[in-house]
Amino acid sequence: QTVRVIKDKNYATRKSVTTKLTDVYWQQVDKIIQDNGLYDLGLSDSKFAEVRMEMFPRLQNLFRGKESPEEAMAIYEKRVNAILADR
1 QTVRVIKDKN
11 YATRKSVTTK
21 LTDVYWQQVD
31 KIIQDNGLYD
41 LGLSDSKFAE
51 VRMEMFPRLQ
61 NLFRGKESPE
71 EAMAIYEKRV
81 NAILADR
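Residue 48 in full-length UniProt numbering sits at position 48 of the sequence shown, with consecutive numbering throughout.
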């Protein structure tokens with residue numbers, strides 16, 4: 001997966017990948033994850049489809065100027081938290 005991370009510029013999703021990327025962006029991402037943890041909303045999550053559906057209306061409203069980035073994130077966070085709380 002390390003090769004894919006470097007080639008595709010994606011962040012590693014497995015703890016077994018130990019290569020540290022030197023790009024400043026990835027160092028910032030790594031610090032955020034180290035400080036706050038990471039919740040994988042990947043396909044293996046039983047709520048993936050519900051969470052994913054919440055993203056598109058927020059992006060549409062953001063790009064149409066109907067919501068600011070802050071508003072879109074606040075609405076998305078509230079709705080996703082409600083979905084994840086219902087387990």
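We put the beta carbon where it would ideally sit given N, CA and C, even for glycine.
Query raised in the report: Where GLU54 and GLN60 are concerned, what is the direct C-alpha to C-alpha distance, given to the nearest angstrom?
Result: What you label residue 54 is simply residue 54 of the sequence shown in a count that begins at 1. What you label residue 60 is simply residue 60 of the sequence shown in a count that begins at 1. For GLU54 and GLN60, the distance between alpha carbons rounds to 11 Å.
Query - Residue interval of the alpha helix (DSSP H) (run including GLU71) - result: One-based indexing of the sequence shown puts residue 71 at position 71. Where GLU71 is concerned, the enclosing alpha helix (DSSP H) stretches over 69–85.
Query - Assigned secondary structure, LEU43 (DSSP; H/G/I helix, E/B strand, else coil) - result: Taking the sequence shown and counting its residues from 1, the one referred to as residue 43 is at position 43. Three-state result, LEU43: coil.
Report task. Pull up the distance between the alpha-carbon of GLN1 and that of GLU67, whole angstroms please. Result -> Along the sequence shown, one-based indexing puts residue 1 at 1. Along the sequence shown, one-based indexing puts residue 67 at 67. Low confidence applies here, because GLN1 scores a pLDDT of 49, under 50, leaving its location unreliable and the question unanswered by this model.
Query raised in the report: DSSP on ARG52, reduced to helix/strand/coil?
Result: One-based indexing of the sequence shown puts residue 52 at position 52. Note: ARG52 maps to helix in three-state DSSP.
Requested in this report: Measure the CB-CB distance between LEU84 and ALA72 and report whether it falls below 8 Å.
Outcome: The residue labelled residue 84 in the question sits at position 84 within the sequence shown. The residue labelled residue 72 in the question sits at position 72 within the sequence shown. No, the Cβ-Cβ distance between LEU84 and ALA72 is not below 8 Å.
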